[in-house]
Amino acid sequence: MNLLIIGDVVGRSGRDLVERFLPRLRSRYGIDACVLNGENAAAGFGITGKIAHELHKVGADVITTGNHVWDQRDLVGEIGSIGYLLRPLNQPKGQPGKGWAEIPLPTGQDLLVVNLMGRVFMPPCDDPFAAIDQLLAQRRDDAIVVVDFHAEASSEKVAMARHLDGRAAVVFGTHTHVPTCDDEIQPGGTLRLTDVGMTGPYESIIGMQVEGPLAKFRDGMPVRFKVAEEGGQLHGVVVRLDDGSGMPVNFRRIRLDESGRLTELHWTTVETLK
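Under my numbering, the very last position in the sequence shown is 520; numbers go up by exactly one each time.
In structure tokens:
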């Protein structure tokens, strides 16, 4: 089985990349399921039901979010009817929507996608460690678990991956918009990647036009950020899962620019140094 994970989709640039290239990526890698973080898809701030539908239509089976999930107010009344669009599981009780989705795989197993949000340098939310433990305790089946941990602190993301080692197939991080190179299969078999990176405009400061964030850093004054448009890149991970155990066999990170140039990033052993 082949799983494709796509990092935070930002603005029109990110949506265009997904709409143009996701069908081709699914074909190239024989993708059985695609998980995509879409919380910045609406001009950099949140997502709408319409945008979620467009991303789903071109091949995003499950769309995760994070701290910007309610930036578009209409989503509050829409998310309950969009089963493939998630909000973090550990949001305060009473919020609409849900934090997990299940989709069938060709092997007869189910893929359980869980959306969590961190607490370090993030808006208030419930304990993500307790939330995932409670969910998995309630579900004693053979579902393959994939977790999007939307968090700021790298240490918190690594801690979650260690916490779920052997219980989840993949724990990947989103939110910072900066891809990390710490991808590894942990001792218990779980693939960890601290941050997949952004799918959107890289001629920017993490997706925003350079002038706004730069002025805020220089002057310390409030600035209204505007989403950038240039230098589009799609960042993702292709994961090969064992048909029996559902755990990762191998993986590769991918980077695709707006011209269609694809770069595959994966570790190859050259020699053993002595």
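Ideal placement from N, C-alpha and C gives every residue a C-beta, glycine not left out.
Treat the numbers as computed from the prediction; the structure is a model and nothing was measured.
Per DSSP, what kind of secondary structure is residue i in: helix, strand or coil?
i    : result
A405 : helix
V264 : helix
P447 : strand
I297 : helix
E324 : helix
A415 : coil
E457 : helix
L410 : coil
P494 : strand
L382 : helix
R333 : coil
F389 : At residue 389 the sequence reads Ala, which differs from the Phe that was named. Coil at A389, not helix or strand.
G257 : helix
Could you name the residues of the same chain whose beta carbon sits closer than 8 Å to that of residue i, not counting the 5 residues immediately before and after it, in chain order?
i    : result
W346 : L332, L335, L358, V359, V360, N361, L381
V366 : A397, E398, A399, S401, E402
M454 : G290, F471, K472, V473, A474
P494 : A415, V416, I431, G435, T436, L437, V485, R486, L487, D488
R261 : V255, A287, I297, E300, L301
So is residue i in contact with chain B if we call contact Cβ pairs under 9 Å?
i    : result
M406 : No chain B is present in this structure, which holds just one protein chain.
Which partner residues of residue i appear in the DSSP bridge assignment?
i    : result
R368 : According to the sequence displayed, residue 368 carries Met and not Arg. DSSP lists no partner for M368.
A347 : V359
H396 : M363, T420
V483 : I251, R499
T436 : T436 is not bridged to any residue.
L271 : Looking at the DSSP assignment, L271 forms no beta bridge with any residue, so it has no partner.
V473 : M454
I309 : L282, L331
T509 : R501
G478 : P447
I431 : L437
Is residue j closer than 9 Å to residue i when the C-beta atoms are compared?
i    : j    : result
R385 : V416 : no
E584 : G478 : Residue 584 is absent from the model: the chain starts at 247 and stops at 520.
R499 : V424 : no
V264 : L282 : yes
A279 : V308 : yes
V391 : F418 : no
H421 : G312 : yes
Q337 : D373 : no
D428 : T310 : no
M247 : L351 : yes
R501 : H481 : yes
E324 : T294 : yes
Measuring alpha carbon to alpha carbon, tell me which of the options ends up nearest residue i.
i    : options                : result
V315 : L508, K344, E300       : K344
A288 : G490, K296, L502       : K296
A405 : F375, G326, I325       : F375
G434 : A414, I451, N286       : A414
E476 : I452, R464, V485       : I452
G253 : P459, M444, G458       : M444
D317 : G492, P468, G284       : G284
G506 : A383, R408, R266       : R266
A383 : L410, M368, I277       : L410
G326 : A298, T353, H481, G412 : A298
S259 : G446, L502, G492       : G446
D320 : G292, K339, D465       : G292
L377 : M368, G364, P369       : Per the sequence shown, residue 377 should be read as Ala rather than Leu. Comparing Cα-Cα distances from A377 to each of M368, G364, P369, the minimum goes to G364.
K339 : R274, E324, P370       : P370
Excluding sequence positions up to five away, which residues of its chain have a Cβ less than 6 Å from the Cβ of residue i?
i    : result
R272 : G305
H302 : Y330
H512 : R498
Near residue i, what residues of its chain come up, given a Cβ to Cβ distance below 7 Å and the 5 sequence neighbours on each side ignored?
i    : result
D388 : Q355
V456 : S450
V322 : W316, P342
G412 : G434, G435, T436
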